[in-house]
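Residue numbers (my numbering): 424 to 632.
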Amino acid sequence: MPNHRLFQPAVAFLTLLALGLSSCSTGFYKKWADKETYGILRKKASKVPNSGQAFLDITPPPPVKLEELRKSMKKEEFLGDRAYLEENARVISLAEALDYAVHRNRTYLVQKETVYLAALNLTLVRQQYGPIIGGGGSTTKASTDAVTGINNLVRTSTLTTTGNLGFSALTRTGALLATNLTTNFVRFFTGGSDSGISQLGFSLAQPLL
């Protein structure tokens, strides 16, 4: 007679692993995607003249604060009687005007985002051809009441734990290799009996064309 208690360590391990994989937040994946994408862009940026960190960054620039611009402290004679209108007006230099025109140009920002998305798509292709590990799990507790005889209430409680761990990899020939391990464990609190089932699946798919 098999000892069902041997399934308990495996179930606990798969459940913890599945919870760990599923608990990754969107912020974690965003940081990972940015790290991979900017890594690709930095390698290619070395071949592009005058490119730097500002060239790679797709974060929109902050709005221009007028209070930070210098003021005109003199009146221009060529304005005549209307020179007073320009007194204390905000002034930007030619270099600042060119900087604002380039780095806040919508077409320029869209082109930078297009380059970023192209590198991001490349990371997706790399991931598809690399090993992919996934997992999941759930735990459910259920109770049922049954009346046996007169004034005799019997409650049956069960704890069901399910865990699965999968691995897949896409080869250069287009073949998809996949494995999946699934474990189901059921414990009956009434009577102290346990049952567990584990399944290991393997598949290999190769397109004909």
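Glycine included, each C-beta is placed from N, C-alpha and C at the ideal position.
- Contact check for residue 543 and residue 456: beta-carbon distance about 6 Å, within the 8 Å limit, so the pair qualifies.
- Beta-bridge annotation (DSSP): residue 513 is paired with 494.
- The beta carbon of residue 497 sits closer than 6 Å to none of the beta carbons in its chain outside the five residues before and after it.
- Residue 554 places its beta carbon less than 8 Å from that of residue 592.
- Within the same chain, Cβ atoms closer than 8 Å to the Cβ of residue 495 are found at 509, 510, 511, 512, 513, 514, the five residues on either side in sequence being excluded.
- By DSSP's assignment, residue 591 forms a beta bridge with 555, 601.
- When DSSP states are grouped into helix, strand and coil, residue 550 belongs to the helix group.
- In the DSSP secondary-structure assignment, residue 579 is bridged to 567.
- The DSSP-derived three-state label of residue 540 is helix.
- Around the Cβ of residue 585, a 10 Å sphere holds 16 or more other Cβ atoms; the residue is buried.
- Contact check between the stretch 531-539 and the stretch 480-491: three or more CB pairs, one atom from each, fall below 8 Å, which counts as touching.
- Contact between residue 587 and residue 558 is confirmed by a C-beta separation of about 6 Å, below the 8 Å threshold.
- The Cβ atoms of residue 581 and residue 609 sit closer than 8 Å to each other.
- Here the alpha carbons of residue 583 and residue 617 stand approximately 10 Å from one another.
- From the listed residues 556, 538, 623, 579, the smallest Cα separation to residue 464 is found for 538.
- Residue 622 sits in a strand when the DSSP states are folded into three classes.
- Taking the CA atoms as reference points, residue 452 sits about 43 Å from residue 493.
- If you check the CB distance, residue 607 and residue 589 do not come in under 8 Å.
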